[in-house]
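Asker: Quick one: this structure, given as structure tokens, is what I'll be asking you about.
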Amino acid sequence: MSDRDSLAAWLRLTLIPGLGGETQRKLLAAFGLPEAIFAAGRLAARSVAGERADRLFDHDATAAVEHALAWAGQPGQTILTLGDDDYPPALLEIADPPTVLYVRGNPALLRRRGIAVVGSRNATPQGIQNAESFARHLAGRGQCIISGLALGIDAAAHRGALAADGETVAVIGTGADRIYPARNKELALAIAARGVIVSEFPLGTPAVAHNFPRRNRIISGLARGVLVVEAAPESGSLITARLAAEQGREVFAIPGSIHSPVARGCHLLIKQGAKLVESAHDILDELVDFDDTPPPPAPPESSDEPALLAVLGHDPCALDDLVERSGQSADQLLPELLSLELAGRIATLPGNRYQRLR
């Protein structure tokens, strides 16, 4: 059987509606390869998977299979199966590895054990800065950055890795021929050109809510450890962290303000045993064998730092509170706040509040 025919059999197995990964793996365990399943026939397949196996022989997936084969024949696009030598070994360690993976970019990166950086889509400016900074530093030290291409923390992590000329993997919850969200189109194209985008979902799969938690097991599965930058208590990032712990991966979390809703998920993880991290070195110390060269010291804060930054503190602060703390009027404070914002030292938040960035 040719490579094309073999891949077609894998695709036929996975493009049957209603035949999930668990059933696919049962059939593969019983018969070996997909072509053996179809050769064995309906009754033999039914003895393993019950009446659900009838779908293999009743549903015509020819058009979907041919479409996927054509897609994989384009430069920079490939499909990996559980039977391929190039299938990511890290995913073979998890309980439910995807049967096939649709890949855009360099599939070799999927064999690199990296660090996942995940967090809130509604991230604060400080969270965005933290995600970019951690990812840039980790990528600069040779770590592949894995995330989910979502808005907020995910996108910041990918940007940080690319800014360091590092490696990054985007695990998406749609078909690999789609870009979601559309606002990340340019970022996705950059990742496909310099890193890799991967999906287990058939081509054309739209953005469906229940697919995103499912893809999280691939994010954590590919990683040696998962860093949660910002997350609400019900965030999907906490699902990724839970899956990581179940898969035997390390879990890290950045603490935040006790008043910030997107810090509470991180605080919950820390209470549950995640490692509190304040710098990328905390992660590298845990996962990477270093030489004896100490990390460069952090530059000292400028002695002429504006006094208003000290008054502002590190938590979001309302203008009325700044007036009270500083003893100055709002008219006096606003020009200085604008100057600090233009200098990249603070960010303006909803509700007439301000957040120190560094």
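In terms of the numbering used here, the sequence shown opens at residue 1 and continues consecutively. Even for Gly, the Cβ is constructed at its ideal location relative to N, Cα and C.
In chain order, what are the residue ranges of uninterrupted alpha helix (DSSP H) at least 4 long that sit wholly in the segment 19–92?
Answerer: If we require 4 residues or more, the alpha helix (DSSP H) runs fully inside the segment 19–92 come out as 21–31, 34–40, 42–49, 54–58, 62–72.
Asker: Would L276 and A253 qualify as a contact pair, given that the criterion is a beta-carbon distance under 8 Å?
Answerer: yes
Asker: For I197, which residues from the same chain have a beta carbon less than 7 Å from its beta carbon, with the 5 sequence-adjacent residues on both sides left out?
Answerer: A distance below 7 Å between beta-carbons, with the five flanking residues on each side excluded, links I197 to the following residues of its chain, in chain order: R104, G105, A170, I172, A176, A188, I191.
Asker: Please classify E246: does DSSP put it in a helix, a strand, or coil?
Answerer: In this structure, E246 counts as helix in the three-state DSSP scheme.
Asker: Just to confirm, is the Cβ distance from Q129 to L357 under 8 Å?
Answerer: yes
Asker: Which residues mark the beginning and the end of the alpha helix (DSSP H) in which Q126 is found?
Answerer: 125–140
Asker: From A44 to P98, what does the alpha carbon distance come to, in whole angstroms?
Answerer: 24 Å
Asker: When you compare each of Q126, G73, R224, D58 to G114 by their alpha carbons, which one comes out closest?
Answerer: R224
Asker: With a threshold of 16 other CB atoms inside 10 Å of the CB of N352, please say whether the residue is buried or exposed.
Answerer: exposed
Asker: In whole angstroms, what is the alpha-carbon distance linking R194 and N184?
Answerer: 15 Å
Asker: So, under 8 Å CB-CB, I146 and L203 are touching, yes? Tell me the CB distance rounded to an integer number of Å.
Answerer: Going by Cβ atoms, the distance from I146 to L203 rounds to 22 Å, so no, they are not a contact pair.
Asker: Could you tell me the distance, in whole angstroms, from the CA atom of R12 to the CA atom of V65?
Answerer: 6 Å
Asker: Looking at the structure shown, is R224 part of a helix, part of a strand, or coil, going by DSSP?
Answerer: Looking at R224 - three-state DSSP - the assignment turns out to be strand.
Asker: Let me check one thing: in DSSP terms, what residues is L349 bridge-paired to?
Answerer: R353
Asker: With a cut-off of 8 Å, do at least 3 Cβ pairs link the segment 129–140 to the segment 276–287?
Answerer: yes
Asker: Which term fits D154, buried or exposed, when burial requires 16 or more other beta carbons within 10 angstroms of its beta carbon?
Answerer: buried
Asker: Excluding five sequence neighbours on each side, which residues of the same chain lie with their C-beta closer than 6 Å to the C-beta of L82?
Answerer: If you ignore the 5 residues before and after L82, its C-beta comes within less than 6 Å of the C-beta of T99, all in its own chain and listed in chain order.
Asker: Can you round the beta-carbon distance between L362 and L308 to whole angstroms, since I take them to be within the 8 Å contact cut?
Answerer: Because the chain spans 1 through 358 in this model, residue 362 falls outside it and cannot be assessed.
Asker: Can you find a CB in chain B that lies within less than 8 Å of the CB of L268?
Answerer: Any reference to chain B falls outside this structure, which holds one protein chain only.
Asker: Return the residue from the list A49, V323, A123 that minimises the CA-CA distance to S237.
Answerer: Ranking the options by Cα distance to S237, first place goes to A123.
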